[in-house]
Structures are given as structure tokens and as C-alpha cells.
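Comments concern the structure below.
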Amino acid sequence: MLAPFVSLGVFVHLVLIYSIFDVYYTSPLVKGTTPHPISQEVGLADRLVLFSADGLRSRTFFEHPEKAPFLQDIIRNGKGSWGVSLSHVPTESRPGHVAMAAGFYEDVSAIAYGWKHNPVPFDSIFNRSVETWSWGSPDILPMFAENNPHIHTFTYSSEEEDFARKDASSLDVWVFDHLQKLFESARTDESLAKRLRAKKIVFFLHLLGLDSNGHGYKPHSQNYIDNIRIVDEGIQRVVKLFNDFYGDKRTAFLFTADHGMTDWGSHGSGTDDEIVTPLVAWGSGVAESAVKRTVNQVDLGPLMAALLGCAIPLNSVGILPLDMLSGSERYRFQAARANLRQMADQYYVKREERQKHSLPFLFKDYPEFSFSVLSKLDSGLMDIAKRGQFNNAASIAISWIPRIRDALLYFHRYQRRSLGFAIASTFIAWISLIYSLVVRSSSLPPLDHSFFRPNKAFCIVMLVASLFLLLQRLPFTNFIYVMMPIWLFSITHNIRGTSIYLRDALSNYQQGVELYQGGNFSSLTTNISAWFLRLSLSVIVTSTFVISFTNRAFLSLITLLMIAYPKLTKTEHLKRWTQVWNACCIALSLFPQLDTVGNSPSPFLCFCAPLLTSAGLFVISQKMEQWKTVRILSGFHAACAALIALANLTESVPWTVSFCAWASLPMAFVLPTTPSSGIIERLTVWGAAFSVPYSLLSLAYESVFLILYAGLLGVFVRLEMSHLSDLDFLRISFTSDSSRKRSDSRMDDIHGSFSLREWYRAVMLVAFILLGFFGTGNIASLNSFNPSFLRLFLTVFSPFTMAALLIVKIAIPFALVAFAYTTILHQDRRGVPRLSILVLIITNTMAMIFFFFLKDDGSWLDIGMSISNYLISLFASLFIFLLLHGANLLFPVKFVDLSVWFRSQKDGTAV
């Protein structure tokens with residue numbers, strides 16, 4: 008009867024995964040708003056030229072004025088407006104250009120598209136134009152031109168964007184040359200010339216050279232700095248071309264960048280070098296001033312709309328920088344009013360949408376201002392304007408936009424609290440169900456499908472909840488989120504039964520009353536203190552597990568808390584083993600305080616670690632003479648140290664070293680299958696065999712970490728078998744086949760209350776897994792790992808092979824944990840599923856916490872990390888279950904058994 012519960016668990020976890028896209032990662036764009044043109048007549052300019060120097064950071068631009076004499080002349084002599092534009096995380100090309108041209112920040116629902124495309128159609132300054140011509144990268148231009156025939160794109164091939172090219176500034180030269188060809192064609196094409204002389208047209212020049220050179224050569228390189236000169240010369244060419252062609256001085260020019268770049272050639276996060284970009288505007292309609300200005304990148308959309316006199320993009324949340332306009336006071340007021348009305352329209356639509364899906368007594372309006380105040384604001388502004396106070400009216404209009412923007416965010420996240428409560432309830436209900444299912448006594452009647460049917464009380468609750476949801480006309484997924492916890496609680500109730508709840512409650516109550524009436528306050532206080540201590544420890548341990556995902560330094564606290572394990576399990580009588588345990592815990596607590604592996608290579612540690620392992624294995628083989636495989640592995644580790652030394656003494660890795668490195672991978676699986684009847688010998692051999700390829704894949708201190716980590720696991724196995732003497736411990740043999748079959752027959756019966764020892768084992772298992780991964784790295788380090796740790800295996804770039812080797816390296820500590828627990832549970836086959844269920848309870852509790860820490864703003868790395876933490880916690884129990892079962896199958900395998908099996912398969916006979 009476990010199969011339906013497994014299916015239920017899969018369904019619950021799929022709902023929990025999908026829920027994050029409903030609760031956190033929905034599009035903020037508001038549909039159904041009306042455009043508000045600034046002027047029905049001509050704008051401040053007839054045409055606009057937008058230069059986007061992709062990847063140009065402000066600091067480098069202003070530190071090298073000699074590289075941009077044309078733009079610097081505009082700045083120094085106050086021929087336009089200048090300053091900096093502040094982009095927004097994630098500082099990437101697509102969201103940066105969307106913010107610039109459309110006026111809104113990253114649409115986080117783009118996560119479903121791998122961040123490559125904007126998930127929904129959006130309005131932009133190009134849409135609002137009569138016609139737009141654009142040149143540049145095929146990664147940027149098409150997203151603005153989709154389903155817009157009046158937007159013309161001219162792109163180079165993707166191959167031309169290769170970062171390894173000698174000088175990527177040729178990409179910018181390509182853009183300038185093709186713009187010039189367009190105007191040359193207009194000299195002989197009257198139709199084209201007529202279109203080019205139309206009002207409210209836009210020319211967009213996307214200049215990718217700086218970004219490509221920055222990635223390839225870094226921003227401090229001469230290639231990057233010289234690229235600024237190429238851009239400046241190209242802009243000067245374009246300005247002359249427009250002046251010669253039009254001769255009416257009705258062109259506005261805007262130069263900026265989508266994002267900056269770090270010193271090491273990356274972008275995406277929120278450092279000043281990535282966020283702060285240069286801004287220079289000049290030409291028709293632009294105020295002339297030598298004063299430096301600071302604007303947000305989303306403010307450029309309203310600015311460009313005001314220059315052209317067209318409507319501001321519908322989804323823009325930008326604020327028009329009035330001081331950059333040189334128009335009349337009336338025109339500036341019209342532009343500010345259009346900006347306010349465009350924002351207010353979004354507010355009205357979003358508010359109405361939320362109100363329509365809420366019952367009147369449940370709807371909570373935005374607390375900072377009322378709907379009626381905003382609806383009267385426009386008429387008030389018109390009254391002020393009629394009195395000729397245009398500047399005052401414009402200032403008031405602009406001052407209201409940030410408040411409306413906050414209201415939009417409020418209504419966008421309106422249901423997050425209620426849906427979050429429903430998801431948290433689902434977690435709690437699922438954990439309660441699984442726990443109740445296992446602790447249910449096997450003497451009770453067997454479970455059947457009737458347990459999935461809610462009783463009358465729960466049916467009434469579900470009916471009332473359904474009516475509330477129907478009346479609010481909420482999406483179908485909301486029904487699932489609300490009904491799921493109610494249904495799961497009903498199953499839990501059916502499994503345990505009302506009588507059990509009452510019996511447990513009455514038993515606890517009577518016990519408390521008896522202690523109180525008998526005056527035995529010390530026992531009562533002891534019971535309460537013990538309960539409080541367990542609760543506190545649970546909260547501390549779970550919190551530490553959660554925090555260690557984002558701050559690996561907290562793993563030091565986990566390893567130091569592990570020192571208390573012998574005392575908690577009453578195994579401190581093994582004094583020598585306890586001392587080794589304490590020493591390993593203290594030593595391992597130092598590693599999370601170090602930088603992640605990859606930042607500081609240490610060939611000396613890489614050489615010393617296998618040498619120390621070799622010496623240790625040799626000592627063990629001397630004391631345990633029958634452990635012949637251990638002695639062989641001692642030689643392998645010595646050879647491993649020699650290979651590392653040879654590779655570091657030569658410029659290029661010899662082929663013999665690479666051959667031996669690759670040979671270590673199959674050897675790690677073959678050598679432990681040699682005949683051995685002792686479990687501890689087999690555990691030692693598996694650990695030592697896996698350490699060889701791990702040492703060859705190491706770059707710094709991680710091979711030393713593995714020695715201590717493996718030692719800690721070995722001591723943990725000894726403490727778990729504290730009832731045995733040291734001699735008996737070393738002589739433990741594999742369970743006989745008959746005993747294993749009897750154990751298999753009891754595997755389906757996993758029922759029974761969990762002992763404190765089982766809880767301790769589950770907590771330690773999660774701690775070991777976290778320590779194995781975060782002890783030397785973190786999730787972010789996987790995205791930026793140092794390929795040089797593979798130099799003994801690979802001499803050419805091969806992404807799939809590199810990824811496979813990286814996975815092998817990460818998996819080795821997990822395999823050691825699995826083998827250790829297989830050793831502990833080798834006589835208790837029920838232990839694996841019961842342990843997996845306890846791990847599920849712990850990791851699902853962590854996932855519930857991570858759900859409330861999901862991020863929908865910040866860099867792609869920040870958002871991706873928060874999702875990764877949530878998903879890893881959800882899938883951790885399945886991963887550990889498969890890991891333990893895999894180790895359980897692999898651990899006792901002997902080469903002789905494999906030979907017999909292959910022979911039987913070849914002969915077609917059964918074994």
C-alpha cells in the first residue's frame with residue numbers, strides 16, 4: 008500500500024516546485040493600459056539617435072577623456088546634458104536594453120526562458136516611433152522588432168561576436184558603416200529618403216565591441232580603452248552625417264550603456280562598476296548644462312518619449328528627468344502629466360484586477376494613499392496649469408510617480424502572503440502525513456484507498472474554501488494550493504485516527520496533573536526542560552543547515568556542534584575514539600573559513616595529501632597484515648603524489664600522467680571488489696580507492712579536507728558500533744545471505760516510532776552531506792570553477808568531459824558518507840527507508856524555510872541561487888535515498904561474483 012503514497016509524494020513535490028513560479032516569478036507587466044501621447048503636434052526633436060555602448064563602465068569612460076574627444080567636448084563645454092545612468096541588477100544586456108528602451112526592470116518570469124528572452128510582449132520607445140532603424144547584435148535587436156514591421160533590424164552573424172577575436176571593435180565599425188550605407192542609399196531612393204525625413208523616427212545603434220573586448224581582454228586592457236576611441240569617432244561620423252543629410256538641427260542624440268563591467272570582465276551583479284554607466288545627451292530638445300546629473304536607466308524611456316513627443320512606453324516605471332529638457336514650461340508640464348497618467352493607468356488596472364479577485368471585506372487597498380485621491384489628482388494639476396503655474400504642476404506630477412510605483416509593487420505581490428501560507432501549510436501537512444504513516448503501529452488494520460477520502464468535517468472545510476475561491480474568481484492553481492494542505496491533513500487524520508490524538512493528549516495531560524498534584528515539581532520541570540531543549544536544538548540545527556547554504560562559514564558551527572555527538576549517544580566511554588572525533592571536528596571546522604577552492608591553488612598541499620594517505624594506509628596494513636588491498640592502495644597513493652609532483656614540475660602534462668589519471672577512475676571501482684570478508688576492511692578500501700582520483704582532481708586544500716572527512720566518517724562508524732570491542736569491530740563480517748533475505752522480508756514493514764538514535768543519525772547524515780559539499784566550495788563556485796584542476800586529465804577544452812569530472816569530484820565525499828551508513832545499517836535493512844524518511848522530514852523543513860527566502864530581484868546569480876537552494880532541499884531526500892541504496896548494492900560486490908554473473912549471462916543460465 009506504499010505505492011499510492013509514493014505517487015502522492017511525487018505529486019506534492021511537483022506542486023511545490025511549480026508554486027514558486029506562481030508566487031514569486033510572475034510577470035510584473037500590466038496589460039490593458041492606454042497610451043498617452045505627450046504632444047499631438049511636433050515634439051522637441053523630429054528624430055532620435057540612441058547609441059548603446061554595451062559593457063562600457065562609467066569609471067573607465069571618464070578616466071580616459073583623451074579617448075573620447077568629441078563626447079568630452081560636449082561635456083566640458085555644456086553643449087548638452089551629461090552624467091551617469093544607474094542600471095539595475097541583473098546587469099545583463101537584455102534587461103539593460105529593455106530598461107533603457109521600455110522603462111521597466113527585469114521581468115523575473117523570464118527565468119522559464121533561461122533568461123534569454125523576454126517572456127511576454129512589451130511596449131518600447133521603438134514601438135511608439137513612426138519607424139525605427141537599428142543595427143547591432145542578433146541577441147538584442149530581434150526582441151524589440153518581433154511582430155513590429157515598422158522596426159527594421161540589421162545584424163551581423165553570431166560568429167562575428169567571438170570574444171577571442173583580436174579586436175572586437177570591428178563590430179562597432181560594422182554598425183557605423185551600415186548606417187552610412189542606409190543614408191547613401193537614400194540619395195538615390197526617393198521613397199527611403201521620404202521615410203527618413205518623417206517625424207518621430209528612431210535610429211538605434213547597438214555597439215557590442217566594448218562588451219566583447221571587456222570579456223576577452225578585461226576593461227583595463229588597451230583593446231577595451233582603444234575601443235572607446237573607435238566609438239567616439241563613429242559617433243562623430245554619425246553626427247556629421249545627420250547634419251549633412253537633414254541640416255535642420257532637429258535631431259536628438261543620446262549616448263549611454265546597458266551595463267558596466269568588473270575588473271575581471273564580468274557583469275550581472277550590483278557593484279558600482281557594473282551599475283554605473285556614462286550618459287551624454289545633446290541636440291534638439293536637450294537642455295545644455297555643465298552640471299553632472301544622475302538618472303536611473305528606466306528614466307531614459309520617458310526622456311526619449313518626451314524628446315520625440317510620442318507616448319511613454321506603456322509598462323514604463325521610469326520618471327521623466329525634467330531638467331534634461333529644454334522645451335517650454337507648458338511642454339514640460341505636458342510631458343510630466345503624460346508620465347503621471349501612464350503610471351496611474353497601470354495602477355488603476357492592477358488595482359482593479361486585484362479587487363475583482365477579492366471579496367469586498369477581504370480586499371486591502373494600498374495604505375499610503377486612497378484611490379479617490381489619485382483620481383482627483385489630474386484635475387487638480389490641470390487647475391494649477393490653467394493658472395500658468397506649469398513648473399509647479401509638473402513638479403507635483405513627477406513627485407507622485409515614485410508613490411504610484413510603490414503601489415504597483417504592492418498589488419503585484421498582493422497574494423504572496425496568502426499563497427505563501429498555503430504552501431507552508433502544504434509542507435507541514437505533508438511532513439505530518441509521512442511521519443504519521445511511519446510511526447503508525449503495524450498491528451493496526453492495513454491501509455487501503457479509503458484513507459484518501461476526507462471525512463465529513465474536512466469535506467465541509469474544503470467546500471467552504473472552494474466557495475471562497477470561486478467567489479473571488481481565482482486561478483485554478485490557487486485551488487490546488489489551498490485544497491492540498493486540507494486534503495493532506497485529512498489523510499493524516501485518517502491514518503492516526505481521532506482516538507489516538509485524544510489518547511496522546513489525555514496521557515500527556517494526566518501525566519502533567521499527576522506530577523503537579525504529587526508535588527513532584529522537579530520531574531515536571533525536567534520534562535518541560537527536556538522538551539524545550541529538544542525544540543531549541545532542532546531550531547538551531549535546522550537554522551544552521553539553512554544558513555550554511557548561503558554562508559558556508561556557518562558549517563564551522565555545525566562541525567563544532569558535532570563534538571557533542573558522543574555525549575548525546577552515550578558513547579564517550581570510547582575515550583580514544585572520542586578524542587580522535589573531537590580532533591577531526593575541530594580541524595574540519597577550519598575549512599569553511601577558507602576561500603572556496605579555485606581561488607588560490609596550492610600544489611604543495613596537493614602533493615602532501617596523497618603522501619600522508621599513503622603513509623597512513625601503510626601503517627594500517629602493517630597492523631592488519633591480512634588487509635593486503637590496503638597495502639596496494641598505499642602504493643597507489645604514493646604514485647599519485649609522484650604524478651602530481653611531475654605535472655607541476657613540467658610546463659605541459661606528459662601523456663603518461665594523463666593516462667594514469669584516467670586509469671585511476673576505473674581502478675577506484677575495481678580494486679575494492681577484491682575478496683574480503685571484513686566490512687571495515689571493505690570500507691577502508693572503498694574510501695582509499697576513491698581518494699586517488701579525488702587527489703588527482705584537487706587544486707588546493709580539498710585533498711587534505713578529504714583525509715579528515717574520511718577519518719571523521721570512520722570514527723562515526725566506530726561510535727555507532729560502540730557495543731563492540733575494537734577487535735570485534737575490525738572483524739565484523741558481511742551478513743549471511745539467509746539473514747539478508749530475512750531482512751528483505753521485513754523491509755516492507757517500516758512502521759514504528761522513531762528512536763532518538765535514528766533522529767541523531769538522520770541529522771548527522773544531513774550534516775555530513777552539507778559538510779562534504781560546502782566544506783570546500785558552494786553553489787556559486789560551480790558556475791565559476793577553475794578548469795586548471797582538470798589539467799592532469801585534460802589538455803584541451805571539452806565542456807562535457809569537464810562537467811563529468813566535476814560531478815565525479817563532488818560525488819566522491821557523498822559516496823564515502825553512503826558507504827559509512829551502509830556499514831552501520833548492514834544488519835538493519837529497514838534502516839535505509841526509515842532513515843530516508845527522517846531525512847525527508849528534515850530537508851522538506853529546510854525547503855519550507857527556503858521558500859520564504861526566494862528572491863525575485865537582484866542578479867541572475869542571486870535569483871538562481873535562491874531557487875537552487877529551494878530545489879536542492881526538495882530533492883535532497885530522493886538523492887540520499889538513491890545514494891544509500893546504490894551504496895548498499897555496490898558495497899558488498901566482489902569481482903568473483905561479477906565474473907560468475909557475466910558468465911551466466913553469456914551462457915544464458917540463471918544463477
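Residue 8 is where the sequence shown starts when you use this note's numbering, and the numbers rise one by one after that. Glycine residues also receive a C-beta, built at the ideal position from the N, C-alpha and C atoms.
For residue j and residue i, the rounded distance between their alpha carbons
{"i": "V209", "j": "V182", "result": "15 Å"}
{"i": "I502", "j": "V468", "result": "19 Å"}
{"i": "A894", "j": "P820", "result": "13 Å"}
{"i": "D179", "j": "W140", "result": "16 Å"}
{"i": "L315", "j": "G90", "result": "21 Å"}
{"i": "M389", "j": "N398", "result": "12 Å"}
{"i": "S439", "j": "P700", "result": "42 Å"}
{"i": "V22", "j": "I879", "result": "15 Å"}
{"i": "L715", "j": "C615", "result": "14 Å"}
{"i": "M569", "j": "C592", "result": "7 Å"}
{"i": "L478", "j": "L366", "result": "7 Å"}
{"i": "H95", "j": "M872", "result": "18 Å"}
{"i": "D602", "j": "I282", "result": "26 Å"}
{"i": "Y572", "j": "D735", "result": "22 Å"}
{"i": "N134", "j": "I814", "result": "47 Å"}
{"i": "L597", "j": "F712", "result": "10 Å"}
{"i": "S931", "j": "D114", "result": "Residue 931 is absent from the structure shown; the chain starts at 8 and stops at 918."}
{"i": "R339", "j": "D251", "result": "30 Å"}
{"i": "L415", "j": "E359", "result": "12 Å"}
{"i": "V246", "j": "N155", "result": "27 Å"}
{"i": "I24", "j": "L474", "result": "26 Å"}
{"i": "T551", "j": "F561", "result": "7 Å"}
C-beta contact flag for residue i and residue j at 8 Å
{"i": "V587", "j": "V692", "result": "no"}
{"i": "F111", "j": "N322", "result": "yes"}
{"i": "R64", "j": "P226", "result": "yes"}
{"i": "A695", "j": "T620", "result": "yes"}
{"i": "S709", "j": "T783", "result": "The question names Ser, but residue 709 in the sequence shown is Glu. Yes, these two residues count as a Cβ contact at 8 Å."}
{"i": "G223", "j": "G292", "result": "no"}
{"i": "N234", "j": "S176", "result": "yes"}
{"i": "I441", "j": "L847", "result": "yes"}
{"i": "F800", "j": "S665", "result": "yes"}
{"i": "T549", "j": "M853", "result": "yes"}
{"i": "T98", "j": "G275", "result": "yes"}
{"i": "A108", "j": "S136", "result": "no"}
{"i": "I158", "j": "H104", "result": "no"}
{"i": "Q349", "j": "I319", "result": "yes"}
{"i": "L215", "j": "V238", "result": "no"}
{"i": "H758", "j": "V356", "result": "no"}
Residue span of the alpha helix (DSSP H) that contains residue i, given as start and end
{"i": "E240", "result": "229 to 252"}
{"i": "V324", "result": "Counting along the chain, V324 falls outside any alpha helix (DSSP H), and DSSP gives it neither H nor E."}
{"i": "A695", "result": "686 to 703"}
{"i": "T585", "result": "582 to 595"}
{"i": "L481", "result": "Careful: L481 lies outside any alpha helix (DSSP H) and carries neither H nor E."}
{"i": "E191", "result": "177 to 193"}
{"i": "E70", "result": "65 to 70"}
{"i": "F262", "result": "Careful: F262 lies outside any alpha helix (DSSP H), inside the beta strand (DSSP E) at 258 to 263."}
{"i": "L314", "result": "307 to 315"}
Span of the beta strand (DSSP E), counted from its first residue to its last, around residue i
{"i": "L60", "result": "Rather than Leu, the amino acid found at residue 60 in this sequence is Ala. Where A60 is concerned, the enclosing beta strand (DSSP E) stretches over 54 to 60."}
{"i": "M213", "result": "Residue identity check: residue 213 is His in the sequence provided, not Met. Here the beta strand (DSSP E) through H213 covers 208 to 214."}
{"i": "W289", "result": "283 to 290"}
With a threshold of 8 Å, are at least 3 pairs of Cβ atoms found where one atom belongs to the segment 254 to 273 and the other to the segment 282 to 290? yes
Kindly confirm or deny that the segment 629 to 648 and the segment 686 to 704 touch, where touching means at least three C-beta pairs closer than 8 Å. yes
Spell out a yes or no on whether the segment 79 to 91 and the segment 267 to 278 are touching, meaning 3 or more CB-CB pairs, one atom from each, closer than 8 Å. no
Taking contact to mean 3 or more Cβ pairs, one atom from each stretch, closer than 8 Å, check whether the segment 560 to 579 and the segment 771 to 787 are in contact. yes
Check whether the segment 292 to 306 touches the segment 25 to 43, counting contact only when three or more Cβ pairs, one atom from each stretch, lie closer than 8 Å. no
Length at least 4, wholly inside the segment 633 to 686: the alpha helix (DSSP H) runs in chain order: 635 to 656, 662 to 677
The segment 644 to 656 touching the segment 673 to 683, judged by at least three CB pairs closer than 8 Å: no
So, do the segment 477 to 496 and the segment 41 to 49 have three or more beta carbon pairs nearer to each other than 8 Å? no
For a minimum of 4 consecutive residues, which ranges assigned as the alpha helix (DSSP H) are wholly contained in the segment 396 to 445? 397 to 419
Pick out the complete alpha helix (DSSP H) segments inside the segment 540 to 587, 4 residues or longer, and give them in chain order. 562 to 568, 572 to 575
Taking only runs that begin and end inside the segment 77 to 145, name each unbroken alpha helix (DSSP H) of 4 or more residues, in chain order. 100 to 109, 132 to 135
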